[in-house]
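Report on the structure given below.
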Amino acid sequence: MSASTPFSDEFLNPNIGREIHDFACQLWPINRSITGAGVRQTLDMIKAHVPTLVTRDIATGTQVFDWTVPQEWFVREAWIKTPDGRKICDFSENNLHLVGYSVAVNKTISKEEMENHLYSRPDLPDAIPYVTSYYKPRWGFCISDTERQQLPDGDYHVFVDADHFDGSLTYGEAFFEGETDDEILISTYVCHPSMANNEISGMAVSTFLARHVANMPSRRFSYRFVFVPETIGSIAFLSQNLDALKAKVKAGFNLTCIGDDRSYSFLPSREGNTISDRVARHVLGHIDSNSTYYEWLDRGSDERQYCAPGIDLPIASIMRTKYGVYPEYHTSLDDLEGVVTPAGLAGGFFATCRCVEALEHHCFPKVTVLGEPQMGRHGLYPTLSHGKASSDLRLMMNAISYADGKHSMLDIATRCKVPVWTLYEIFNLLEEKGLIVKNDNPKN
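Right under this line is the structure:
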């Protein structure tokens, strides 16, 4: 394995949060869904930053495990006209106004009938909720509860100009070859419209993480980034690639809700003790002692698919504030001003970079001499003893004391109560001096 795998220059870029936020702002207005032009437009924008990204299309009607790829959905126009002629719930003003996958409608109905097709959140009266109906034909509109309560009696003209047609489900994939065929899988989803933390943050951070991986001076592992529609997209991707993924993927992360600056959160794989789980817990714990650790029973994103029985990939989810927990979730209040910030996005980016770095350095160090090495002979210890060894030297000696080939570098960091990244240069130096070897697997 490589002695060191430095970060790309982007990790040291002080403006990275602002750059990711600017990209998120570009993604904001696009009407994304589980299929269609919005997904393809989004992937084209990601490709501008990740030139190796390729798109894959799976035709409508294709059986993917227990699911079937649905028809595409395309919206031209949608609105409601009140009895006094005002236009409300205008899709052109906010794409959350239209229930996702709504069928076409053009008729005049009573207020009483229209109420059956309206969705609002009394607990968040100023928010437009996000509602979808992917797999059952219906139409509907989303409205703030404040506006809903003020609607006058009378007849309303409801209009949705939308098509459902045979096409394809599209996802994006970028691959970066490493020194080995062993792969790290990074996944995020591209199917929600204008919501910042739930959706756009995952796409934006994953895009810049892919660019970071592409620019790393060396890569021990190969990396596969996938940008998929949630649930149906990850299922479709897995159905097309399962055997290869099971053979090659050694670790990976699902990235979502990773742009606010309130917290860090972690949701484990189904097994709960994969290298992905251990790395994410360690990194987030040392970045923020207030990080929240969820259980598998709290799942709700694409970790459900990657860790399903029979698939069993070692994928954990890394987040800032978890989906479903922050109050603005799945509403128009999940924005790029009050919720997702440059600092929050930078934090998500740095955390995932640290996880990648920890995977690149993962090994089982083993000391090459019996007994404690004579550090002075190797130029690693002061020849004059005065009883005040430096903290760095103390850490080096502690690290050596656990370097038995059975403990991983991550284990050693945990036992020494330090972030694993403080050990990289120590073990590189010890390796250069011939005092340890780095094994890929535990050795007696």
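Residues in the sequence shown are numbered consecutively from 143, following our numbering. Every residue gets a Cβ at the ideal spot worked out from N, C-alpha and C, and that includes glycine.
Candidates the options: closest to residue i by CA position
| i | options | result |
| --- | --- | --- |
| isoleucine 222 | Tyr298, Tyr436 and Pro156 | Tyr298 |
| histidine 191 | Ala356, Ala555, Gly178 and Leu240 | Ala356 |
| aspartate 199 | Ile270, Phe216, Val181 and Ile188 | Val181 |
| phenylalanine 216 | His549, Asn173, Arg366 and Thr416 | Asn173 |
| tyrosine 544 | Asn586, Tyr436, Asn258 and Phe367 | Asn586 |
| phenylalanine 307 | Ala201, Gly513 and Arg362 | Ala201 |
| proline 156 | Gly576, Ala166, Pro484 and Asp305 | Pro484 |
| serine 418 | Leu512, Ser459 and Gly375 | Ser459 |
| lysine 189 | Gln213, Met345, Tyr365 and Gly375 | Met345 |
| aspartate 226 | Gly296, Ser175, Gln291 and Leu238 | Gly296 |
| valine 560 | Asn570, Met538, Leu169 and Ile176 | Met538 |
| glutamate 470 | Pro271, Ile251 and Asp287 | Pro271 |
| isoleucine 158 | Phe350, Gly513 and Val482 | Phe350 |
| serine 360 | Asp402, Val481, Val370 and Gly320 | Gly320 |
| methionine 256 | Phe367, Arg290 and Phe369 | Arg290 |
| threonine 416 | Ser433, Asn236, Gly394 and Tyr465 | Gly394 |
| leucine 266 | Glu567, Asn540 and Tyr468 | Tyr468 |
| glycine 547 | Ile457, Arg536, Phe569 and Ser532 | Phe569 |
| threonine 177 | Leu238, Ala378, Ser234 and Tyr435 | Ala378 |
| isoleucine 342 | Glu499, Ile328, Leu397 and Ala220 | Leu397 |
| serine 533 | Cys558, Tyr331 and Leu384 | Cys558 |
| alanine 500 | Asp186, Arg160, Ile554 and Glu437 | Ile554 |
| tyrosine 261 | Lys249, Asn248, Leu240 and Val247 | Leu240 |
| isoleucine 429 | Asp385, Asp440, Gly486 and Gln516 | Gly486 |
| leucine 327 | Val300, Val368 and Asn432 | Val368 |
| phenylalanine 301 | His259, Leu169, Arg160 and Ile457 | His259 |
| tyrosine 465 | Tyr436, Ile457 and Leu238 | Tyr436 |
| leucine 535 | Val511, Leu571, His549 and Ser550 | Leu571 |
| aspartate 440 | Val196, Gly414 and Pro193 | Gly414 |
Residue span of the alpha helix (DSSP H) that contains residue i, given as start and end
| i | result |
| --- | --- |
| aspartate 534 | 533-544 |
| alanine 201 | Element bounds for alanine 201: not the alpha helix (DSSP H) but the beta strand (DSSP E), 196-201. |
| isoleucine 188 | 179-191 |
| threonine 274 | Looking at the DSSP string, threonine 274 is not in any alpha helix (DSSP H), and its letter there is neither H nor E. |
| tyrosine 243 | No alpha helix (DSSP H) holds tyrosine 243; DSSP gives it neither H nor E. |
| isoleucine 457 | Per DSSP, isoleucine 457 belongs to no alpha helix (DSSP H); it is in the beta strand (DSSP E), 457-461. |
| histidine 299 | Taken as a continuous stretch (DSSP letters only), histidine 299 belongs to no alpha helix (DSSP H), being part of the beta strand (DSSP E) at 297-307. |
| arginine 160 | 158-169 |
| arginine 446 | 445-448 |
| threonine 564 | Looking at the DSSP string, threonine 564 is not in any alpha helix (DSSP H), and its letter there is neither H nor E. |
| threonine 322 | No alpha helix (DSSP H) holds threonine 322; DSSP gives it neither H nor E. |
| isoleucine 554 | 551-558 |
| arginine 290 | 287-291 |
Presumed contact (8 Å Cβ cut-off) between residue i and residue j, rounded CB distance
| i | j | result |
| --- | --- | --- |
| aspartate 303 | arginine 218 | 4 Å |
| lysine 253 | leucine 293 | 7 Å |
| glutamate 372 | aspartate 444 | 6 Å |
| cysteine 399 | asparagine 340 | 5 Å |
| phenylalanine 207 | serine 348 | Phenylalanine 207 to serine 348, Cβ: 24 Å. No contact. |
| isoleucine 162 | alanine 450 | Not quite, the Cβ-Cβ distance comes to about 31 Å (not below 8 Å), so this is no contact. |
| tyrosine 277 | glycine 242 | Not really, about 11 Å apart at Cβ, beyond 8 Å. |
| glycine 427 | arginine 462 | Contact doesn't hold; Cβ gap of about 15 Å is too wide. |
| aspartate 402 | valine 273 | Wrong, their Cβ atoms sit about 22 Å apart, outside the cutoff. |
| arginine 263 | aspartate 232 | Not confirmed; about 19 Å, so no contact. |
| isoleucine 364 | aspartate 324 | One point to set straight first is that residue 364 is serine, not isoleucine, in the sequence displayed. Yes, serine 364 and aspartate 324 are in contact; Cβ-Cβ is about 7 Å, under 8 Å. |
| arginine 420 | leucine 552 | 6 Å |
| isoleucine 374 | tryptophan 209 | 6 Å |
| valine 509 | isoleucine 542 | 6 Å |
| serine 550 | tyrosine 448 | Actually they do not touch by this definition, with Cβ atoms about 23 Å apart. |
| glycine 203 | valine 211 | 6 Å |
Residue i beta carbon near the ligand GTP (any heavy atom closer than 7 Å)
| i | result |
| --- | --- |
| glutamate 325 | As for the ligand GTP, it is missing from this structure, which has no ligand bound. |
Unbroken beta strand (DSSP E) run spanning residue i, endpoints
| i | result |
| --- | --- |
| threonine 250 | 247-252 |
| tyrosine 331 | 325-331 |
| leucine 311 | 310-318 |
| alanine 220 | 214-223 |
| asparagine 581 | 578-581 |
What residue ranges within the stretch 347-430 form continuous alpha helix (DSSP H) runs of no fewer than 4 residues, ordered along the chain? Fully enclosed alpha helix (DSSP H) runs of 4 or longer: 374-390 and 417-429.
Alpha helix (DSSP H) segments (min. 4 residues) lying fully within the stretch 467-529: Restricted to the stretch 467-529, the alpha helix (DSSP H) segments that are unbroken, complete and at least 4 residues in length are 484-502, listed in chain order.
Do the stretch 379-389 and the stretch 335-352 make contact, defined as three or more Cβ pairs closer than 8 Å? Touching, no.
Taking 8 Å as the threshold, find out whether the stretch 490-509 comes into contact with the stretch 339-359 through three or more Cβ pairs. Counting C-beta pairs with one atom in each stretch, the stretch 490-509 and the stretch 339-359 have three or more that are closer than 8 Å, which means they touch.
Is it the case that the stretch 309-319 contacts the stretch 436-453, given that we only count it when at least three CB pairs across the two stretches are under 8 Å? No, because fewer than three Cβ pairs between the stretch 436-453 and the stretch 309-319 fall closer than 8 Å, the two stretches do not touch.
Between the stretch 564-581 and the stretch 498-513, can you find at least three pairs of beta-carbon atoms closer than 8 Å? Yes, the stretch 498-513 is in contact with the stretch 564-581.
Under 8 Å, with one C-beta from each stretch per pair, do the stretch 472-487 and the stretch 405-420 reach the 3-pair mark? Touching, no.
Taking one C-beta from the stretch 272-290 and one from the stretch 315-332 each time, how about it: are there three or more such pairs within less than 8 Å? Cβ pair count under 8 Å is below three, so no.
Validate contact between the stretch 564-578 and the stretch 511-520 using beta carbons, cut 8 Å, 3 pairs: Flag = yes, the stretch 564-578 and the stretch 511-520 touch.
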